[in-house]
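Chemist:
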Amino acid sequence: MAVVVLGGGPQSKDGSLPEWTKRRCDAVAELYKCCKGKNQKLRIVTTSAGTAHTPSVIDSEGFPVTEASASAQYLIRAGVDAKHIVQEAQAWDTIGNAWFTRVMHSDIRGWRRLLVVTSDFHLNRTKAIFEWVFALPPAQRLRFVGISDEGIEIAEERGKREAKSLEGVKQNAQTLKTMESLHEWLYTKHGAYAAAVRVERLPPSERKIYNG
1 MAVVVLGGGP QSKDGSLPEW TKRRCDAVAE LYKCCKGKNQ KLRIVTTSAG
51 TAHTPSVIDS EGFPVTEASA SAQYLIRAGV DAKHIVQEAQ AWDTIGNAWF
101 TRVMHSDIRG WRRLLVVTSD FHLNRTKAIF EWVFALPPAQ RLRFVGISDE
151 GIEIAEERGK REAKSLEGVK QNAQTLKTME SLHEWLYTKH GAYAAAVRVE
201 RLPPSERKIY NG
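Letter 23 of the sequence shown, counting from 1, is numbered 23 in full-length UniProt numbering, and no numbers are missing.
1) Who are the Cβ neighbours of GLY79 in its own chain at under 7 Å, not counting the five residues just before and after it?
2) Taking 8 Å as the cut-off, does the stretch 56-72 touch the stretch 104-111 (at least 3 CB pairs, one atom from each stretch)?
3) For PHE144, which three-state DSSP category applies?
4) Quick check on GLN40: buried or exposed, where buried means 16 or more other Cβ atoms within 10 Å of its Cβ?
5) Tell me whether PRO138 is buried or exposed, calling it buried when 16 or more other Cβ atoms sit within 10 Å of its Cβ.
6) By DSSP's criteria, ILE154 is part of a beta bridge. Which residues make up the other side?
7) Can you give me the C-alpha to C-alpha distance between ILE44 and LYS160, rounded to a whole angstrom?
8) Rounded to whole angstroms, what's the CA-CA distance from ALA27 to ILE147? Just pull it up for me.
9) Rounded to whole angstroms, what's the CA-CA distance from LEU136 to THR178? Just pull it up for me.
10) Is the beta carbon of ASN97 sitting closer than 8 Å to the one on LEU166?
11) Rounded to whole angstroms, how far is the Cβ of THR51 from the Cβ of VAL4, which I believe are closer than 8 Å?
12) Here's the rule: buried if 16 or more other CB atoms are within 10 angstroms of the residue's CB, otherwise exposed. What is ASP149?
13) Does GLU200 come out as helix, strand or coil in the three-state DSSP assignment?
Following this line, the structure appears as structure tokens:
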């Protein structure tokens, strides 16, 4: 089985992950330790290049830091063996997380059971997206875990944005029913991946809902 832990927006200026992403990673690290004790093989997929809505994080030497790599390093410090982690560092949104996780990892490795871990405020849209993408032939089995976002300042505001975006996901899932049609849509219509479309850039005053 593979566990997919979703990124949650760019890490803070000091390089630390947002609190909601830490909680996701902490839950995955505990699951990993439990499975390791039972001699079960568990692979972990950390996800995302970043978010297309806000600037990327740059380290002190001027290099970009992806959400996937930041989450991977956090998991390693928490006791996860690096050889059991693979990174999906191409996506700029949740649709991309599902697409790249599938075409880069699960289809190649033959994984047919995946557990997707995210926050409660992100769970409904995540389920809709992953169930859509992973139901396309050949279909794969999914389970989901929502991590509590109690006490997270931006959770309510992010939840409202997620609910609004969910409607678009449902509409696309009704019309894009093959991997080929989804591929065409991603690279001709989606602002984060299409050459001729520019994704929405949030003004600084609104970036707090993504930044930790």
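We put the CB at the ideal spot given by N, CA and C, even for glycine.
Modeler: Checking against the coordinates, here is how it stands:
1) Within its own chain, the residues whose Cβ lies closer than 7 Å to the Cβ of GLY79, once the five positions on either side in sequence are excluded, are ALA29 and LYS33, listed in chain order.
2) Contact fails: fewer than three Cβ-Cβ distances are below 8 Å.
3) Residue state, collapsed to three classes: strand.
4) By the 10 Å Cβ count, GLN40 comes out exposed.
5) With fewer than 16 other CB atoms across the displayed protein chains lying within 10 angstroms of its CB, PRO138 is exposed.
6) According to DSSP, which records beta bridges pairwise, ILE154 is partnered with nothing at all.
7) It is roughly 29 Å from the alpha-carbon of ILE44 to the alpha-carbon of LYS160.
8) Their Cα atoms are separated by approximately 8 Å.
9) Going by the C-alpha atoms only, they are around 6 Å apart.
10) For ASN97 and LEU166, no; Cβs fall outside 8 Å.
11) A Cβ-Cβ separation of about 17 Å leaves THR51 out of contact with VAL4 under the 8 Å criterion.
12) By the neighbour-count rule (16 or more Cβ atoms within 10 Å), ASP149 is buried.
13) In this structure, GLU200 counts as coil in the three-state DSSP scheme.
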